[in-house]
Amino acid sequence: KMINFKDLNEYVILNIFEYCTDNDLENLYLVCRRFRDLIEHCIYYRRSLDVVMSGCCKRNNGRTFNTLSYRDRLRISRNWCDGRYKEYFFFHHPKWYRCRIALEKNSIFLSYRGQIRSHKRSKVEMIERRNWKEISEPNKEDISDFVKKGDSIFAGRTNGSCFVYEDGVITEQKLHDLKEYLTCVDFQDHIFVTSSDKTTKLWNKTSELGLIEFELIKDYHEPYKCLRVSHDGEKIACGKYIDRTRRALCEIDIETGIKQVFNSDTSSIYNLLYKTDDVILTAHYDTSLRLFDKRTNRDELIWMDPFDASVYCLEYDGLYGVVCGMQYHCRVNLYDLRIPKKHCQMFFPILRKSRGSPVYSIACDCQYLYIATDSDLRAFDFKVDWAQSRDYRNIFVRV
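Numbering follows full-length UniProt numbering, in which position 381 of the sequence shown is assigned residue number 381; successive positions increment by one, without gaps.
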């Protein structure tokens with residue numbers, strides 16, 4: 001008696017699928033619903049667990065608006081690595097401004113001049129251009145940095161003042177002197193930290209009868225270019241703009257106030273973030289991206305930019321992918337932390353100016369990449385298999 005292939009049990013079918021090529025699996029995926037479910041949940045699921053940028057991880061999934069199948073994740077990751085995307089332009093402004101962006105699943109937040117604008121994300125438009133919510137007033141001093149966590153926004157201005165936005169209410173206070181330029185801010189729960197071009201301060205936020213007050217815990221009397229509070233809220237990773245002893249990376253214990261200077265051989269750090277509580281990713285003036293491990297007290301991995309451009313900002317996908325905004329031509333580098341000393345891909349946006357622009361802020365989810373230049377916001381959509389590939393992985397290799 002002849003048995004139809006579709007009537008075999010799942011174990012036998014999956015064993016047969018193991019011998020199929022990728023093209024065969026794609027064709028079988030379209031045969032029937034049973035084959036599609038088997039390939040999706042038994043084969044594509046395993047393959048998508050550790051792919052670059054679109055893998056199954058909490059960090060990037062929490063920012064991704066569209067629901068993606070495991071098949072979609074594999075195709076999107078392949079497009080990231082192949083440089084296959086479509087570019088979009090948003091919010092052009094003729095006057096130069098150093099914009100900051102923060103991405104959530106349903107919204108994207110952009111600073112412009114003295115206010116923060118919240119734009120919804122939808123299936124029709126990746127960013128709704130017409131409808132937005134304005135936080136603060138545009139005629140106030142420019143926002144130099146802001147952080148969005150949960151339902152709270154904490155922002156710093158160029159005149160030393162800061163504001164907290166919670167439950168639709170803005171509370172603004174002068175936390176630094178008028179002549180101090182706030183370079184970076186961050187917070188975790190009730191602990192807030194601010195740094196200017198003169199000093200760094202640690203604050204405790206209290207709320208009583210609906211009124212928010214900031215109580216100064218400690219003044220460190222030392223400025224930092226960038227800082228981040230650790231995930232557990234116990235440490236602050238700090239990077240200096242210039243350090244002549246070439247020890248620009250340090251960490252402050254919030255409870256004791258003790259500063260530990262790390263053995264990272266660098267004179268300037270532009271941006272950093274915690275990969276884990278023991279591992280810090282740092283972006284440097286000396287054209288390098290570094291992975292520093294506190295347990296060994298050294299830079300375990302160093303990636304150098306092939307065009308000798310400084311790394312202005314970075315973002316991490318939660319697994320192995322890191323995107324870095326570079327100093328020139330709006331360029332973005334993609335790195336795979338499993339591949340040492342080599343970039344995974346480069347993205348060169350269309351230049352609207354002959355000189356280009358640095359990438360001042362960067363954000364991403366599984367499908368989209370957002371970069372802030374001095375005149376607009378760029379968005380790359382990687383769920384476009386039909387787009388032309390712009391592959392710069394081996395640009396210095398002779399064919």
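Just so it is clear, CB atoms sit at the ideal spot from N, CA and C, and this is done for glycine as well. Computed from a predicted structure; not experimentally measured.
- Boundaries of the alpha helix (DSSP H) harbouring N23: 22-29, taken from the DSSP string.
- In terms of Cα proximity to E180, the closest of I143, T206, E166 is I143.
- In this structure, the beta-carbon distance from S310 to Y274 does not fall below 8 angstroms.
- Spanning the alpha carbons of K140 and K123 requires a straight line of approximately 34 angstroms.
- If one requires a minimum length of 3 residues, the beta strand (DSSP E) runs lying completely within the region 253-309 are 259-261, 269-274, 279-284, 288-293, 298-304, in chain order.
- The Cβ atoms of W80 and V52 lie closer than 8 angstroms to each other.
- As DSSP reads the structure, K148 sits in a beta bridge with I153.
- Note on geometry: alpha-carbon atoms of Q345 and S107 lie some 27 angstroms from one another.
- If you check the CB distance, S196 and H176 come in under 8 angstroms.
- In this structure, the beta-carbon distance from I350 to E87 falls below 8 angstroms.
- Comparing alpha-carbon positions, the option among T183, D277, Q327, I76 lying closest to T287 turns out to be Q327.
- Three or more pairs of CB atoms, one per stretch, sit closer than 8 angstroms, so the region 260-272 contacts the region 230-241.
- In the three-state reduction of the DSSP assignment, W80 falls in the helix class.
- Bridge partners of E315 according to DSSP: V323.
- In terms of Cβ geometry, F146 and D376 do not form a close pair [threshold 8 angstroms].
- Contact annotation, F262 with E251: C-beta distance approximately 7 angstroms; criterion of less than 8 angstroms satisfied.
- The Cβ-Cβ distance between C184 and C226 falls below 8 angstroms.
- As the crow flies, the alpha-carbon of V359 is around 16 angstroms from that of L103.
- C366 places its beta carbon 8 angstroms or farther from that of R71.
- If you check the CB distance, R246 and T266 come in under 8 angstroms.
- For V12, the enclosing alpha helix (DSSP H) starts and ends at 10-17.
- DSSP, reduced to helix, strand and coil, places F5 within a helical segment of the structure shown.
- Collapsing the DSSP output to three states places L209 in coil.
- In the DSSP annotation of this structure, D142 is not part of any beta strand (DSSP E), being labelled neither H nor E.
- Each of D243, G160, H231 was checked against the Cα of K201, and the nearest Cα belongs to G160.
- The DSSP-derived three-state label of Y368 is strand.
- Looking at the DSSP output, M346 sits in a beta bridge with N333.
- Inclusion of L314 and L291 in the CB contact set at 8 angstroms is not warranted, their separation being larger than that value.
- DSSP places R34 in the uninterrupted alpha helix (DSSP H) bounded by 33-38.
- When only Cα atoms are considered, I371 and R331 end up about 9 angstroms apart.
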